[in-house]
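J.: Sharing a structure with you now.
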Amino acid sequence: MEIEEIHQRKSYDTATIDQVVNSAINPDNTITNDPYFDETNPKEKGKQALYRRFQVEDNKGYDSDRDIYEDDDDMPFAKVSNKFTLASIICVVAGSGILGIPHALSRSGWVGLLFLVLSSIMAQFCGCLLIRCLYHGQSRRLSGFSEIGRATFGKVGQIVGAVFSQFLLISTPTLYVILAGDNASRLFSAVGVYVDRKACTWIVSAIVGIPFVFVRTIRDVSVTSFFASMATVCLVLVMTMVAVSDFQNKTIQHTHHDWIIAENIPIAFSTFSFAYSGNVIFPHLESSMDEPSSWSKVLLVATFSVTMIYVLMGTLCYLSYGDHVETPVFNSIPEGSLAQIVAMAVATIHVLLAVPMYLYVFTVNIESWLGIQRRRRRKLYNYNNKDKHEEGSPSAEEDSVTVTINNSSYKKESLWKFLLKHPGSARIVLRTATFCCCALIAMLIPYFSDVMSLIGTIAAESLTFVLPCVFWIKISWQEGGQTWELIICALIIIAGIFCAVFGTYDAVKEFLHHIQQS
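The numbers in the UniProt record's numbering rise by one with no breaks, and the one at position 2 of the sequence shown is 2.
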């Protein structure tokens with residue numbers, strides 16, 4: 001069986017990896033010699049990246065080129081099972097989408113279900129395409145949007161990829177904090193205790209922020225994602241049961257349903273797009289997988305599961321409440337009812353548990369740019385080679401710090417140098433500042449639905465649909481990539497830009513209208 005060309009596959013598979021490394025592995029699974037790769041050929045470079053990835057995982061070692069690392073002091077690079085990866089994808093994708101899909105469907109009409117399914121297909125295609133970009137034509141695995149942008153469009157591409165990805169990584173948790181603060185204030189009022197929304201925002205920020213500061217690995221964050229996924233299931237059960245009950249009892253009178261509302265399709269489509277926006281997390285999740293060759297299968301299961309949840313929630317809630325459905329969707333339930341309180345509580349738990357995943361990736365990227373990670377990498381290298389050092393001899397990291405201190409022309413270290421030499425302290429400072437910024441912005445922008453639409457239009461359209469396709473067209477254009485694949489990428493780009501332009505205009509108009517009313 002011949003090795004499939006990497007640029008012709010939706011994702012790399014186990015068979016391809018085995019074939020790439022087969023010539024260099026003995027029956028006892030020990031690597032004896034490296035296979036030859038022609039680095040002038042982009043396809044060969046992609047195979048080399050896969051081979052190096054295999055070596056790192058097989059030896060439980062650490063690749064110095066990787067930007068994702070586990071900062072456990074005692075263990076080498078940790079891995080996450082497919083089940084936890086699936087839970088993480090569902091957590092980051094099905095976050096606020098569950099709360100906004102019914103309202104978006106009411107704005108577009110029943111035809112919005114077709115655009116919802118179309119969004120899921122496009123998201124699955126682009127999710128696999130993004131991971132292919134990490135390997136194709138590279139002698140090492142790239143880390144994410146910024147490095148893909150640099151490899152395809154140089155410095156400009158790197159800046160665009162970094163700005164859009166970091167913007168979505170910080171704005172999505174802020175959106176979740178806005179929702180959690182509003183819900184907490186209403187939950188306190190339901191039990192007879194009045195707490196201001198701003199105070200609740202700081203309370204929920206502290207509840208999530210303090211543990212997040214001390215998170216050590218992405219595996220820790222994956223555990224919270226698992227519980228967030230369970231909260232998602234509970235929220236779906238509550239809302240579906242309430243919607244069915246209200247429909248049978250005709251709790252909402254004079255509901256109206258439309259088949260299509262053409263002028264609202266762009267903004268509704270942008271909300272559907274935001275409901276599938278998880279691409280910015282995908283490179284980090286794939287990097288930490290115990291079986292990265294299963295990425296496309298895990299993503300397919302996650303996308304299908306999320307789509308079924310969205311269709312169920314959107315159909316039942318729009319059928320029950322019609323044009324009266326609100327966002328978040330639990331606002332459609334009679335005010336003060338037990339069902340609404342339970343739905344708000346579960347939704348609050350879900351969004352708070354989803355926040356650490358976004359902020360972890362956000363801060364890891366910043367740590368990498370600041371050079372904090374590189375000092376941690378030396379420690380992991382020392383772990384893998386500790387048997388080569390004599391007991392009691394100074395480690396390479398200690399030597400590096402000593403040289404840095406000796407070469408310093410200052411007797412007193414500045415705060416910046418101190419933080420660089422103490423990555424643990426730098427990490428605490430960075431994460432604390434990041435979460436404080438989220439809480440501050442959340443207090444100043446309380447309009448959940450408008451913020452959701454605006455974020456979905458600007459960032460999610462770009463990261464979920466536009467940029468992966470643009471990157472892949474640039475990568476495969478000169479190599480004669482498959483025509484049908486390039487055409488699909490072009491159509492997705494056009495659809496993404498169209499919805500981004502019209503959706504942004506509508507979202508900004510609604511946002512300014514609500515500000516004037518307040």
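Where a beta carbon is used, it is the ideal one built from N, C-alpha and C, also for glycine. Quick caveat: nothing in here was measured; it's all calculated off a predicted structure.
(1) On the criterion of 16 or more Cβ atoms from any shown chain inside 10 Å, does residue 91 qualify as buried, or is it exposed?
(2) Assess, as a yes-or-no matter, whether the segment 310 to 320 is touched by the segment 289 to 298 under the definition of 3 or more beta carbon pairs within less than 8 Å.
(3) Expressed to the nearest angstrom, what Euclidean distance is found between the alpha-carbon atoms of residue 339 and residue 186?
(4) To which residues does DSSP link residue 289 through a beta bridge?
(5) Between 504, 81 and 489, which has its C-alpha nearest residue 126's C-alpha?
(6) DSSP state of residue 194, grouped into three classes?
(7) Between residue 112 and residue 105, which are expected to be in contact by the criterion C-beta below 8 Å, what is the C-beta distance as a whole number of angstroms?
(8) If residue 430 sits next to residue 483, beta carbons under 8 Å apart, how far is it from one beta carbon to the other, in whole angstroms?
(9) Taking only runs that begin and end inside the segment 87 to 112, name each unbroken alpha helix (DSSP H) of 4 or more residues, in chain order.
(10) With distance defined between alpha-carbon atoms, name the residue in 245, 493 and 136 nearest to residue 273.
(11) Evaluate residue 281 with the Cβ neighbour count: other Cβ atoms within 10 Å of its Cβ, from every protein chain shown; 16 or more gives buried, anything less gives exposed.
(12) Cα separation between residue 374 and residue 427?
(13) Per DSSP, what kind of secondary structure is residue 514 in: helix, strand or coil?
(14) Could you check what DSSP says for residue 504 in three-state terms: helix, strand or coil?
(15) Just curious, the alpha helix (DSSP H) that residue 457 is in, first and last residue?
(16) Taking residue 218 as part of the alpha helix (DSSP H), name the residues at either end of that continuous run.
(17) Using 8 Å for Cβ pairs, my map puts residue 464 next to residue 123. What's the rounded Cβ distance?
(18) Mind checking which residues open and close the alpha helix (DSSP H) that includes residue 341?
(19) Along the alpha helix (DSSP H) that carries residue 431, what are the first and last residues, could you check?
(20) By how many angstroms is the C-alpha of residue 327 removed from the C-alpha of residue 365?
(21) Do residue 354 and residue 330 have their C-beta atoms within less than 8 Å of each other?
(22) Looking only at its chain, what residues have a beta carbon closer than 7 Å to the beta carbon of residue 180, apart from the 5 residues adjacent to it on each side?
(23) Residue 144 lies in the alpha helix (DSSP H); which residues open and close that run?
(24) Would you grab the beta carbon distance between residue 108 and residue 261 for me? Rounded to a whole angstrom, and I think it's under 8 Å.
(25) Rounded to whole angstroms, what's the CA-CA distance from residue 84 to residue 221? Just pull it up for me.
(26) Output needed for residue 132: all residues of its chain with C-beta closer than 6 Å, excluding positions within five of it in sequence on either side, in chain order.
(27) Would you kindly report the start and end of the unbroken alpha helix (DSSP H) that includes residue 477?
(28) Roughly how many angstroms separate the alpha carbons of residue 510 and residue 193, rounded to a whole number?
(29) Does the Cβ of residue 356 have 16 or more other Cβ atoms within 10 Å, making it buried, or fewer, making it exposed?
(30) Would you mind sorting residue 344 into buried or exposed? The rule is 16 or more other CB atoms within 10 Å of its CB.
(31) Around the C-beta of residue 239, are 16 or more other C-beta atoms found within 10 angstroms, so that it is buried, or is it exposed?
(32) Determine the extent of the alpha helix (DSSP H) in which residue 314 is found, giving its start and end residues.
(33) If we call anything under 8 Å between Cβ atoms a contact, is residue 435 one with residue 370?
(34) Would you identify the three-state DSSP class for residue 485, choosing helix, strand or coil?
(35) Work out the CA separation of residue 277 and residue 88 for me, nearest whole Å.
T.: In brief:
(1) Locating residue 91 in the sequence shown gives position 91, counting from the first residue. Counting Cβ neighbours within 10 Å, residue 91 comes out buried, since at least 16 surround it.
(2) When Cβ pairs closer than 8 Å are counted between the two stretches, the segment 289 to 298 is seen not to touch the segment 310 to 320, the count staying below three.
(3) By one-based count along the sequence shown, residue 339 stands at place 339. By one-based count along the sequence shown, residue 186 stands at place 186. Take the alpha-carbon of residue 339 and the one of residue 186: they are about 14 Å apart.
(4) Residue numbering aside, residue 289 sits at position 289 when the sequence shown is read from its first letter. BP columns for residue 289 point to 80.
(5) Taking the first residue of the sequence shown as 1, we reach residue 126 at position 126. Of the candidates 504, 81 and 489, the one whose C-alpha sits nearest the C-alpha of residue 126 is 489.
(6) Taking the first residue of the sequence shown as position 1, residue 194 is located at position 194. Residue 194: coil per DSSP, three-state reduction.
(7) Taking the first residue of the sequence shown as 1, we reach residue 112 at position 112. Taking the first residue of the sequence shown as 1, we reach residue 105 at position 105. Going by Cβ atoms, the distance from residue 112 to residue 105 rounds to 5 Å, so yes, they are a contact pair.
(8) Start at 1 with the first residue of the sequence shown, and residue 430 comes out as number 430. Start at 1 with the first residue of the sequence shown, and residue 483 comes out as number 483. Wrong, their Cβ atoms sit about 46 Å apart, outside the cutoff.
(9) 97 to 108
(10) Numbered from 1 along the sequence shown, position 273 holds the residue referred to as residue 273. Comparing Cα-Cα distances from residue 273 to each of 245, 493 and 136, the minimum goes to 493.
(11) Residue 281 sits at position 281 when you count from the first residue of the sequence shown. Burial call: buried.
(12) One-based indexing of the sequence shown puts residue 374 at position 374. One-based indexing of the sequence shown puts residue 427 at position 427. Here the model assigns residue 374 a pLDDT of 46, short of 50, so the residue's position is not dependable and the matter cannot be decided.
(13) On the sequence shown, position 514 is the one that residue 514 refers to. DSSP places residue 514 in helix when its eight states are reduced to three.
(14) Working through the sequence shown from its first residue, we reach residue 504 at position 504. In the structure shown, residue 504 sits in a helix (DSSP, three-state: H, G or I).
(15) For the purposes of this step, residue 457 is identified with residue 457 of the sequence shown, where counting begins at 1. Unbroken run through residue 457: none, as it is neither H nor E.
(16) As a working mapping, residue 218 is identified with position 218 in the sequence shown. Run containing residue 218: 218 to 249, per the alpha helix (DSSP H) assignment.
(17) On the sequence shown, position 464 is the one that residue 464 refers to. On the sequence shown, position 123 is the one that residue 123 refers to. So it is a contact: roughly 6 Å between Cβ atoms.
(18) For the purposes of this step, residue 341 is taken as residue 341 along the sequence shown, with counting starting at 1. That run of the alpha helix (DSSP H) goes 338 to 370.
(19) As a working note, residue 431 is residue 431 in the sequence shown. Segment 423 to 444, the alpha helix (DSSP H) holding residue 431.
(20) Here residue 365 refers to the residue found at position 365 when the sequence shown is read from its first residue. Here residue 327 refers to the residue found at position 327 when the sequence shown is read from its first residue. Using only the alpha carbons, I get a separation of about 32 Å.
(21) Along the sequence shown, read from residue 1 onward, the residue named residue 354 stands at position 354. Along the sequence shown, read from residue 1 onward, the residue named residue 330 stands at position 330. Inclusion of residue 354 and residue 330 in the CB contact set at 8 Å is not warranted, their separation being larger than that value.
(22) What you label residue 180 is simply residue 180 of the sequence shown in a count that begins at 1. For residue 180, where only same-chain residues beyond five positions count, the Cβ hits under 7 Å are 204, 348, 351 and 352.
(23) For the purposes of this step, residue 144 is taken as the residue at position 144 of the sequence shown. Unbroken run through residue 144: none, as it is neither H nor E.
(24) Taking the sequence shown and counting its residues from 1, one reaches residue 108 at position 108. Taking the sequence shown and counting its residues from 1, one reaches residue 261 at position 261. That pair is a contact at about 6 Å.
(25) To locate residue 84, count along the sequence shown from 1; it is residue 84. To locate residue 221, count along the sequence shown from 1; it is residue 221. C-alpha separation (whole angstroms): 10 Å.
(26) Position 132 of the sequence shown holds residue 132. Around residue 132: no qualifying Cβ.
(27) Here residue 477 is taken as the residue at index 477 of the sequence shown, counted from 1. Segment 467 to 477, the alpha helix (DSSP H) holding residue 477.
(28) Walking along the sequence shown from the start, residue 510 turns up at place 510. Walking along the sequence shown from the start, residue 193 turns up at place 193. Going by the C-alpha atoms only, they are around 32 Å apart.
(29) Numbered from 1 along the sequence shown, position 356 holds the residue referred to as residue 356. Counting Cβ neighbours within 10 Å, residue 356 comes out buried, since at least 16 surround it.
(30) The residue you call residue 344 lines up with position 344 of the sequence shown. Buried is the call here.
(31) Indexing the sequence shown from 1 puts residue 239 at position 239. Burial call: buried.
(32) One-based indexing of the sequence shown puts residue 314 at position 314. For residue 314, the enclosing alpha helix (DSSP H) starts and ends at 295 to 321.
(33) Counted from its first residue, the sequence shown places residue 435 at position 435. Counted from its first residue, the sequence shown places residue 370 at position 370. No, the pair does not count as a contact, with Cβ atoms beyond the cut-off.
(34) Stepping through the sequence shown from its first residue, residue 485 is reached at position 485. In this structure, residue 485 counts as helix in the three-state DSSP scheme.
(35) Counted from its first residue, the sequence shown places residue 88 at position 88. Counted from its first residue, the sequence shown places residue 277 at position 277. In this structure, the alpha-carbon of residue 88 lies about 13 Å from that of residue 277.
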